[in-house]
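Here is the structure we will look at, set down as C-alpha cells.
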Amino acid sequence: MPGLSGEGHTDDPHRGGLWFGGDYNPEQWDAATWAEDDELMRRARVNTATVGVFSWSLLEPQEGTFEFGWLDDALDRLHAGGVRVVLATPTASPPPWFTLAYPDAMPVRPDGTRLWHGSRDTYCAAAPAYRRAARRIAGELGRRYADHPALALWHVHNEYGTMCWCDHAAAAFRSWLRGRYGDPAGNGRASQDSKASLAALNEAWGTAFWSQRYSSWDQVLPPRATQYLGNPGQELDFRRFWSDELLAAYLEQRDVLHAHAPRVPVTTNFMGPDHLVVDPWSWGREVDIVAVDHYLPTAEPEAGHADIAFVSDWARGAGRGRPWLLMEQAPSTVVDAGVLVHRAPGRMLADSLGYVARGADGVLFFQWRASRAGAEMYHPALVPHAGPDTRVFREAVGLGEALERIAEVAGSTVTADAVVLVDAASRWALENRGLPSPHVRHLDVARAAHAALWRSGVGCDIAAPSADLSRYRLVVVPAVYLLSEEAAASLRAYAAGGGQLAVTFCSGIADQWHRIRGGGYPGALRDILGIRIEELHPLQPGASVPLTLAEAAPGGARPSPRGEAGQLTGRVWAERLRAEGADVLAAYAAGALAGLPAVTRHAFGAGTAWYLSTLLVADDLTAVLRGIAAAAGILPAGALPGVRVTRRRDGRGRSWLCAVSHSAATVTLPAVGLDLITGREVSGAVDLPPGGIAVIRESAPKKLRMTVLSMIGTPLSQIEPM
Ligand code: GLA
C-alpha cells in the first residue's frame with residue numbers, strides 16, 4: 021500500500037519530508053490574493069495544499085457540465101511554487117441543482133423531517149442518485165488530474181459521517197441485515213434463508229420484548245422516532261450499517277481514482293474519535309494512509325497534550341502502526357462552550373510536534389486563509405483576517421521552519437509495549453438510553469486509562485479488541501462493554517500466555533448484539549478475572565466513593581490526593597463484586613459497598629488479570645496503572661515531570677528522541693545526539709524551557725542509549741551527571 025513518501029507525481033523539493041499546509045480554497049479569492057498566497061506559502065515553507073474539498077457547485081455548475089479551468093490554474097500555480105496538492109472529491113456538499121433534481125436523495129431525520137441544501141453534508145449516501153453523481157464527479161477529477169505533477173494524494177469526500185433514516189436507507193439497511201443474519205442474497209422472496217435470517221435477527225434484537233417480533237423483512241425499518249426507548253440491538257446495527265454503507269460509498273470513489281491513477285494514494289479524513297460515525301478499524305484497512313482531523317477541546321496545556329497523545333496513538337492504531345497524516349487542526353484556538361479561546365503563543369509548534377512525536381508525517385490545518393464570508397468566516401486560519409503581520413502567521417512561519425529541520429523523521433515509526441483497546445460498537449452501545457447510567461462513555465474511560473499511562477511516561481498503542489495482542493506486555497480494556505466470543509477468547513489467550521490484562525468496569529457485560537451475558541457480570545471475563553459482580557452501582561454526577569488500598573496493591577500504600585495514606589477515590593461507577601479466586605487489592609471504604617472488593621488481581625495461566633470496578637480519579641488511576649505497567653516490566657520511555665518523550669525509529673537503526681514540554685519550569689532531558697531543531701550537539705542532556713520541544717537524532721551507541729532511556733524513567737534527583 022503506498023504511503024506518503026515517494027508516491028504521487030509531485031517532484032517538489034520537499035517530497036518525502038513532513039507535510040505542512042492546509043485546506044486551500046482559491047475559489048474564494050481574486051488574482052491579487054492568489055499572488056499573495058504564493059508569496060506567503062513560500063515564506064511559511066508550506067509544501068502541501070488540500071484543494072477542492074467543497075467545490076462541487078463550481079466544478080459541475082449544472083448536471084453533467086464541468087468547469088475545471090480554475091482548478092487547472094490553481095494546481096499549476098501551486099506546482100510552480102513547489103506545493104504538492106491533496107486533491108479532494110467534493111462529494112460532501114452536493115450543489116443546489118442536485119436537491120431539485122433528486123429530492124429523494126436529501127437526508128431524512130429520525131422524526132421524518134427532510135433537510136434542504138444551504139449548509140453541507142446534505143445527502144443520503146444510500147440514495148442511488150447521490151452515489152451515481154458522486155462516482156461521476158470523482159471519475160471526472162480522476163481522468164483530468166491523474167497525471168498532474170502536483171497531485172500527491174487523493175482526499176475522498178470530507179469527514180464521512182452523515183446518517184439518514186429515509187426509505188433508501190431503510191432498503192439498504194434491510195439488505196445489510198440480511199447479509200449479517202444469514203441471507204446474503206437478500207432478494208426479498210420468502211426463501212428458507214430469508215425465514216432463518218429473520219429468525220436470527222429477532223433473536224439478536226430480543227424482539228420478544230415489547231411485542232417487536234418481525235414476521236416479514238419489509239417490516240424492518242431504521243430506528244425512526246418512537247414513542248419511548250428504542251430497541252438497543254436495532255440501534256446498534258443501524259450504526260454498524262451506516263459505517264459499512266459509507267465505507268461502500270468511499271470504496272466506489274477510491275476504486276474510480278485508483279483506476280485512473282494507480283500510483284497516487286487515496287485517503288479520506290476521519291473526524292476525531294469522539295465525533296466519528298464510522299468504525300476506524302475497518303476503515304483504516306481501506307485508506308492508503310490514515311488522515312485525521314483533530315480540533316483540541318481545551319486550551320489547557322497538560323490536558324491538551326494528553327488529548328493530542330490519545331488522538332495520535334488512535335490514528336496510528338487505525339493505520340496499524342504506519343505513519344499517518346494530521347489533515348486538519350485549528351491554528352490558534354479551541355472552542356470552549358461556544359466561545360473561541362486562544363491557545364498560548366508557541367502552542368502551534370509544540371502541539372504540532374506532539375502529533376509528529378507520535379507518528380504523524382504531516383501537520384495540516386483548516387485552513388490556509390480565513391474566509392471573508394460563509395458559515396465558518398470566523399474560523400481561525402494560518403493567514404488570519406488581519407493578514408500576515410500577525411502572531412499567528414509568524415508562528416506558522418516558525419512551524420514551517422521547524423518541520424523542515426526535522427524532515428528526516430518522515431517515514432519512521434513509533435512502537436509501544438502497552439495497548440488500550442478502543443471499540444466503536446461499545447461506544448455506540450453505551451450511548452443507548454435505558455442503561456444503568458448515561459455517564460459512562462467508552463472513550464472517556466479509554467482516555468482516562470491512556471492519560472494515566474501517558475502521565476507515567478508509558479508509550480501506548482490504541483487498537484481494536486480483535487487486534488493481535490501477542491506483542492504487548494500490557495493490555496488495557498477500558499469499558500469495552502460488548503465483547504464477542506472471539507474477542508473474549510483473544511483476551512483469555514493473551515492472559516493465559518503470560519500477559520498483564522487490566523480490565524475496567526463496564527467491560528464484557530454484553531455480547532456483540534448488545535444482549536447481557538448471564539450468570540453475573542462481566543460474563544465474558546469472569547473466569548479470567550476471578551470475580552463475579554452481582555449488582556451495578558453507578559454513582560451520581562459529582563459523587564465519589566473512597567477505597568482502602570491493601571499493601572500489596574500496585575503503586576503501594578501511598579498518600580492519596582487528599583493526603584490520607586492508603587486511600588483511593590472512585591467516581592462514576594461502583595459494583596457489588598465478589599472475589600472468586602482473585603486477590604483484593606482495594607476495597608470500598610464507605611456506603612452500601614463498604615468492605616467489598618473494588619480492585620482485584622487474579623493469576624490466570626502464565627499471566628495476570630487486574631480488575632478496576634470504579635473510575636479512579638486521575639492521580640490514583642495513574643498510580644495503579646503505573647504499578648501494573650511495572651509488573652509488566654515496562655520501562656517508561658520518558659517520565660520527566662511535565663515532559664513527554666517518544667522515540668521514532670526507522671528500519672535502518674536510526675532513532676529520534678522527540679520531547680514536548682508542558683512544564684512551567686525548565687526541565688533537563690537526558691539525551692545524546694543532534695538536536696535537529698537547534699542544530700546543536702547534545703552530549704548528555706538538553707534543557708527544555710517551558711513549552712519547549714526537542715527532536716534529537718540519537719547518535720550514542722546502543723548501550724549508552726539504553727542508559728539514557730532508563731534515566732528518563734528515573735527521578736531527576738537520582739540521575740548522576742554523565
Ligand atoms: C471540519 C471540516 C472542515 C471545517 C472544520 C472546522 O473538520 O472538515 O471543513 O468545517 O471542521 O473546524
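In the numbering used here, the protein residues as written are 21 to 742. Just so you know, even glycine gets a beta-carbon here, dropped at the ideal spot from N, CA and C.
Assigned exposure category for residue i - 16 Cβ within 10 Å defines buried
i      : result
Gly37  : buried
Phe385 : buried
Ile551 : buried
Phe40  : buried
His557 : buried
Met368 : buried
Tyr501 : buried
Met742 : Note that Met742 scores a pLDDT of 21, beneath 50, so its modelled location is shaky; the value from the coordinates is reported in the next line. Met742 comes out exposed.
Asp238 : exposed
Ala350 : buried
Thr142 : buried
Arg283 : exposed
Glu743 : Any question about residue 743 goes unanswered here, given that the chain covers just 21 to 742.
Gln273 : buried
Gly583 : Model confidence at Gly583 stands at a pLDDT of 44, short of 50, so the residue's coordinates are unreliable; what they give is reported in the following sentence. That one is exposed.
Met397 : exposed
Leu120 : exposed
Gln247 : exposed
Pro400 : buried
Pro581 : Legend: pLDDT at Pro581 = 41, less than 50; position of this residue unreliable, value from coordinates given subsequently. Looking at its Cβ environment, which holds fewer than 16 other Cβ atoms inside 10 Å, Pro581 is exposed.
Arg233 : exposed
Arg664 : buried
Asp50  : exposed
Gly28  : Low confidence applies here, because Gly28 scores a pLDDT of 48, under 50, leaving its location unreliable; read the following figure in that light. So Gly28 counts as buried.
Gly138 : exposed
Gln587 : buried
Leu91  : buried
Residue from the options with nearest C-alpha to residue i
i      : options                           : result
Leu423 : Ser372, Ser446 and Trp676         : Ser372
Arg780 : Gly711, Gln532 and Gln82          : There is simply no residue 780 to check, as the chain begins at 21 and stops at 742 in what is shown.
Arg378 : Val66, Arg62 and Thr666           : Thr666
Gly407 : Glu421, Ser391 and Ala395         : Ser391
Gly84  : Val359, Leu135, Arg65 and Glu160  : Glu160
Ala269 : Asp124, Thr111, Ala609 and Gly693 : Thr111
Arg129 : Asp327, His325 and Cys144         : Cys144
Leu473 : Asp639, Glu600, Ala245 and Val460 : Asp639
Ala685 : Val692, Pro709, Arg672 and Arg700 : Pro709
Glu320 : Trp303, Ala370, Glu306 and Arg274 : Ala370
Pro343 : Thr353, Val359 and Tyr375         : Tyr375
Pro148 : Gly102, Gly693, Pro169 and Ala190 : Ala190
Ala522 : Ala158, Gly586, Arg646 and Val106 : Arg646
Ser504 : Thr634, Arg535 and Pro242         : Arg535
Gly528 : His462, Leu588 and Glu59          : His462
Tyr514 : Ser217, Ser486 and Leu267         : Ser486
Val497 : Ala393, Thr410, Thr568 and Trp630 : Trp630
Ala69  : Gln82, Pro81 and Leu98            : Leu98
Asp167 : Thr109, Leu221, Ala108 and Ala281 : Ala281
His175 : Val71, Gly102 and Trp76           : Val71
Arg668 : Leu655, Glu718 and Gly699         : Glu718
Ala449 : Phe525, Gly89 and Asn251          : Asn251
Cβ distance (whole Å) where residue i is taken to contact residue j below 8 Å
i      : j      : result
Ala743 : Leu419 : Given a span of 21 to 742 for the chain in the structure shown, any question on residue 743 remains unanswerable.
Val637 : Pro617 : In fact, because the Cβ distance is near 19 Å, the residues do not count as touching under 8 Å.
Phe193 : Ala153 : At roughly 21 Å, the Cβ-Cβ gap does not stay under 8 Å, so Phe193 and Ala153 are not in contact.
Glu554 : Gly538 : Wrong, their Cβ atoms sit about 12 Å apart, outside the cutoff.
Leu747 : Ser510 : This structure leaves residue 747 out entirely; the chain is present only between 21 and 742.
Tyr44  : Trp388 : 5 Å
Arg596 : Leu559 : Going by Cβ atoms, the distance from Arg596 to Leu559 rounds to 13 Å, so no, they are not a contact pair.
Val106 : Leu95  : Not quite, the Cβ-Cβ distance comes to about 11 Å (not below 8 Å), so this is no contact.
Asp8   : Thr318 : One cannot answer for residue 8 here, as it falls past the ends of the chain, which runs 21 to 742.
Leu79  : Ile157 : 7 Å
Ala599 : Thr620 : 6 Å
Ala338 : Gly366 : Going by Cβ atoms, the distance from Ala338 to Gly366 rounds to 29 Å, so no, they are not a contact pair.
Check whether the segment 311-331 touches the segment 289-302, taking contact to mean three or more Cβ pairs, one atom from each stretch, closer than 8 Å.
yes
Three or more C-beta pairs below 8 Å linking the segment 502-522 and the segment 610-630
yes
Validate contact between the segment 170-185 and the segment 223-230 using beta carbons, cut 8 Å, 3 pairs
no
For the segment 480-489 and the segment 429-447, state whether three or more C-beta atom pairs, one from each stretch, are separated by less than 8 Å.
yes
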